[in-house]
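Okay, structure first, notes after.
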């Protein structure tokens, strides 16, 4: 009998399988160390079963994160120098809860992906970068002794006019004039409280002018009641927004309360409306105070801008770091070998016949 005709080996494999097998062989030609990986152990065993031998190959490649170390293969097939738990880089103590370095495998050499994972762990082993300290606030200018400074007086303040568009009788007008005269006489006698009371009675009759409020404000300031004084100046300026006297008196009251910027504004406006030689010294003092305050405010605004930019930079760096960590974690969980198809090392196509 004629011996049976054996099927052609080529006919036993379809085109896709042959293409995959050829791709594996081409990859091993580029990197012979791949035959020692666990995935290709079946091929190594088959070669040895035919009487062949697979030589040990020393593999060298750059460390995945640019530490300048070379990953050296070992004849015993274990993980390279960066894969050992005992490695001097302190990878195990990196604070990331890893019990083993570089995805160590039981037998077989750690491939490029394992080394990359180790490189990541090694990089995170260092202490977190310290955040830049927050720039200290610009200190307030120390308050110099101000013997003229007054404490704020509390309400209630003296009563105001019931209205300024009233039809007053001649009798009311005469009474108002008498009260104003009595207040002036009391003021000349040094009785400030009586003068204030009489003037307040005149105001309560109604139809009060801006000048009447300004005069009572002046009385209140002399009695060391700056807040009540300011209230009367406000009332005067509602009636006459161009009352220089009201601006000057309010400016003096605000200066005595330490409200330097507001005082500077009032005195400057009052002097502009009706210049007064007796106010020049106060005006000069307020100019100096205002200049110092503005210089400090320039520094404060510059600091706020720097702090704002630093915070934006910090948030951007934090977001970038979180993204990179997420990306690394996703790659690590996505397929073991950098997400390559078929789970084969070195980017070899899947679908190899088993």
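Residue numbers (the working numbering): 71 to 424.
Think of the CB as a built atom: it goes at the ideal place given N, C-alpha and C, for glycine as much as any other residue.
Since the structure is predicted, the reported quantities are computational estimates derived from the model, not experimental observations.
TODO: With a 10 Å radius around its C-beta and 16 neighbouring C-beta atoms as the bar for buried, classify residue 87 as buried or exposed.
DONE: exposed
Task: Sequence-distant residues of its chain with Cβ nearer than 7 angstroms to residue 310 (five each side left out) - done: 280
Open item on the list: Is it the case that the stretch 363 to 383 contacts the stretch 394 to 406, given that we only count it when at least three CB pairs across the two stretches are under 8 angstroms?
Closed with: A contact is defined here as three or more CB-CB pairs under 8 angstroms, and the stretch 394 to 406 fails this definition with respect to the stretch 363 to 383.
- [ ] Starting from residue 279, trace the alpha helix (DSSP H) both ways and give me its first and last residue.
- [x] Premise fails: residue 279 is in no alpha helix (DSSP H) and is neither H nor E.
Open item on the list: Can you list, in chain order, the residues of its chain with a C-beta nearer than 7 angstroms to that of residue 308? Leave out the 5 residues immediately preceding and following it.
Closed with: none
- [ ] Within the same chain, show all residues whose beta-carbon is closer than 7 angstroms to that of residue 223, passing over the 5 residues directly before and after it, in chain order.
- [x] 295, 296, 297 and 298
TODO: Consult DSSP for residue 219 and reduce its assignment to one of helix, strand or coil.
DONE: coil
TODO: Select from 301, 325, 94 and 378 the residue whose C-alpha is nearest the C-alpha of residue 216.
DONE: When each option's Cα is compared against that of residue 216, the closest is 325.
Open item on the list: Taking the beta carbon of residue 320 as the centre, do at least 16 other beta carbons fall within 10 Å, making it buried, or is it exposed?
Closed with: Buried, because 16 or more other Cβ atoms sit within 10 Å of the Cβ of residue 320.
Open item on the list: What would DSSP say about residue 293, mapped onto helix, strand or coil?
Closed with: coil
TODO: Specify, as a first and last residue, the run of the alpha helix (DSSP H) that residue 334 falls within.
DONE: 330 to 343
Task: Coil, strand or helix - residue 382 by DSSP - done: helix
Task: Straight-line Cα distance separating residue 365 from residue 391 - done: 39 angstroms
Task: Exposed unless 16 or more other CB atoms sit within 10 angstroms - verdict on residue 95 - done: exposed
- [ ] Assuming residue 343 contacts residue 323 (C-beta within less than 8 angstroms), just tell me the rounded distance between them.
- [x] Contact between residue 343 and residue 323 is ruled out by a C-beta separation of about 17 angstroms, above the 8 angstroms threshold.
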